[in-house]
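Asker:
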Amino acid sequence: MAALNDYLQIKEDIAKKERARLRNFKQVVRLLNEKDRDEYYNEHLQKLLGNTTLARKRRSAEEGNSKNSSKINTVQKTRKKRRRLSKEERKKRREERKRRKNKKKGKKGKGKRALDFRYNRKRRSCAKHEMYVDFDEIGWSGWIISPKGYNAYHCKGACPFPLGQSQKPTNHATVQSIVHALKVGNDVSTPCCVPNKLYSISLLYFDDDENVILKQYDDMVAASCGCH
C-alpha cells in the first residue's frame, strides 16, 4: 500500500513538472511571436517614413527649381525693361563721374597737405637730437681714461609763433616771438632752441701731475630743449 502511494505521488510530481514546462514553452512561443511582429511593424514603418522623406525632398527640390526659374525670369524681364541711353546722356554721366572723381582727389590732396604741414612743423620744431662725442676724435683721449665717449645730445629746430607748451618757452621767449611775428621791433629774431635742462657726468682722467682723478662735471648732457 505504501509503495502504491509513493508511485502515485511521483506520477503527480512528474505531471506537475510537465504542465509547468508546457506553460513556459507557450510563454516563450508567445514572446517570440510578439518580437517578430514588432520587428515587422518597425520595418514597415521605416519603409513608410523613408518614402515620405524622399517625397518631401523631391517636393522641396522641385519648389527650389521653380523659385530659381522665377527669379531668372524676373531678372530677364528687368533687363529687358532697361532702355538704352542716348549719346548725350552717356556723355553727361561720364562727365558727372569724372567730376566726382576729381572732387574726391581734391579732398584727399587737402587732407594730405594738412598732414604734411603738421608733420613738417613737428619735425622742424625745437627738439633734442643725438650727438655722440668721441674723445679720441676731438683730441681728449690723451688725458681722459674713461669713458671713451658719451652722448651729449644737442638742441635743434625752429621756435615758430605761436609757441606751444611742448617747446617749454620762457616768458621772455614768448614775448620775443610775439614781437617778431608782429614785426614791431627792429631786427628781432625768433627765440632760439637751446637746452633748458642739463645733466652731469663723471670722468676718470689724468691731471697735470699724472694723478688719476675721478671728477663730476656739470652741464655735460642736454636733458631737454626749449625755446629761450
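Numbering (full-length UniProt numbering), first residue to last: 1 to 228.
C-beta atoms are modelled at their ideal positions from N, C-alpha and C, and glycine is treated no differently.
Note that the coordinates shown come from a computational prediction; the quantities given were computed from them, not determined experimentally.
1) Measure from the alpha carbon of N196 to the alpha carbon of each residue in K101, E96 and Q167, then state which is nearest.
2) Going along the chain, which residues of its own chain have a beta-carbon closer than 7 Å to the beta-carbon of S86, five neighbours each way excluded?
3) Bridge partners for C225 per DSSP, in chain order?
4) Tell me the residue span of the alpha helix (DSSP H) that contains N171.
5) By the 10 Å Cβ neighbour count, where 16 or more other Cβ atoms means buried, how is G139 classified, buried or exposed?
6) Just the Cα atoms here: how many angstroms apart are D187 and R100?
7) Thinking just about the alpha-carbon of each residue, which of I144, Y150 and S141 is nearest to the one in V133?
8) In whole angstroms, what separates the C-alpha of residue 230 from that of E96?
9) Report yes if the CB atom of L198 is closer than 8 Å to the CB atom of D219, and no otherwise.
10) Cβ atoms of P191 and Q176: under 8 Å apart, would you say?
11) For D209, tell me which candidate among G157, L182, W143 and V179 has the shortest Cα-Cα distance.
12) Rounded to the nearest angstrom, what separates Y119 and R90 at their Cα positions?
13) Return the bridge partner residues of S202 from the DSSP annotation.
14) Does DSSP put K168 in a helix, a strand or coil?
15) I need the DSSP call for D13, collapsed to helix, strand or coil.
Answerer: The relevant details are as follows:
1) Counting from 1 along the sequence shown, the entry for residue 196 is found at position 196. For the residues K101, E96 and Q167, the minimum Cα distance to N196 belongs to Q167.
2) In the sequence shown, counting from the first residue as 1, residue 86 sits at position 86. Closer than 7 Å at the Cβ level, and outside the excluded window around S86, lies no residue.
3) Counted from its first residue, the sequence shown places residue 225 at position 225. Paired residue(s): P195.
4) Residue mapping note: residue 171 aligns to position 171 of the sequence shown, counting from 1. Element bounds for N171: N171 to L182.
5) Here residue 139 corresponds to residue number 139 of the sequence shown, with the count starting at 1. Result: exposed.
6) Position 187 of the sequence shown holds residue 187. Position 100 of the sequence shown holds residue 100. Each residue's Cα considered, the two are about 50 Å apart.
7) Position 133 of the sequence shown, counted from the start, is the residue given in the question as residue 133. Here the closest residue by C-alpha is Y150.
8) The chain is shown only over 1 to 228; residue 230 falls outside these bounds and no answer can be derived.
9) Sequence index remark: in the sequence shown, residue 198 carries index 198 (1-based). Sequence index remark: in the sequence shown, residue 219 carries index 219 (1-based). It is a contact, given that the beta carbons lie within the stated cut-off.
10) Within the sequence shown, the letter at position 176 stands for residue 176. Within the sequence shown, the letter at position 191 stands for residue 191. Yes.
11) Taking the sequence shown and counting its residues from 1, one reaches residue 209 at position 209. Ranking the options by Cα distance to D209, first place goes to W143.
12) Taking the sequence shown and counting its residues from 1, one reaches residue 119 at position 119. Taking the sequence shown and counting its residues from 1, one reaches residue 90 at position 90. Any reading at Y119 is ruled out, since the residue's pLDDT is 46, under 50, leaving its predicted position unreliable.
13) Looking up residue 202 in the sequence shown gives position 202. Answer by DSSP bridge pairing, in chain order: Q216.
14) As a working mapping, residue 168 is identified with position 168 in the sequence shown. Coil.
15) As a first step, residue 13 must be located in the sequence shown, where it is residue number 13. Correct three-state label for D13: helix.
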